[in-house]
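What follows is one structure encoded as structure tokens, with my remarks underneath.
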Amino acid sequence: DFLFRACPKDHAALQKTNASKSKYPEGEQLILLTFVMSVDPHIVFVPQSFMNFATRTAIGSVWKQILRISEEVREGQRLEHAALIAQKREELYDWVEERAKLMTGPAETAKDKLDTTEETAVEET
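So that you can map any letter, position 20 of the sequence shown is 20 in this note's numbering, and since no number is skipped, the others follow by simple counting.
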């Protein structure tokens, strides 16, 4: 299962990232992805430690590579990838972006509503 949501500002992974050389741009909306997988391969001759390595470490490494490639596409370093994405923009990527915005978009708080109401009242007077 995949769960996409807005990343809490106090998430432990952000503390690790902020301590390293890479920093996120100010105001960037960050997405927290939780990936849950259940595996029961019924392979008795493969040690449990190897299966744990495959499901925890190897899959994490593949995910990091996918993220790196995505960043390179965004930065214009992978032109062939960008061209293929452009071809499928309407039928796939626009839909994915729309869903991501719905899931991670900023939630309007009561304070936001109050601030908007106050601005409208000031403009009317």
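Cβ coordinates follow ideal geometry from the N, Cα and C atoms, glycine included.
- By the criterion of a C-beta distance shorter than 6 Å, D1 is surrounded in its chain by V36, once the five residues flanking it on both sides are discounted.
- Annotation for I85: the continuous alpha helix (DSSP H) segment containing it runs L79 to Q87.
- In terms of Cβ geometry, H11 and L33 do not form a close pair [threshold 8 Å].
- In the DSSP assignment, the residues bridged to R5 are L32.
- Our two residues, A54 and R68, have alpha carbons roughly 20 Å apart in a direct line.
- For F50, the secondary structure class from DSSP, reduced to helix, strand or coil, is helix.
- The three-state reading of DSSP puts G27 in coil, since its state is none of H, G, I, E or B.
- Just so you know, the alpha carbons of D40 and A58 end up roughly 17 Å apart.
- C-alpha of Q87 to C-alpha of Y93: approximately 10 Å in a straight line.
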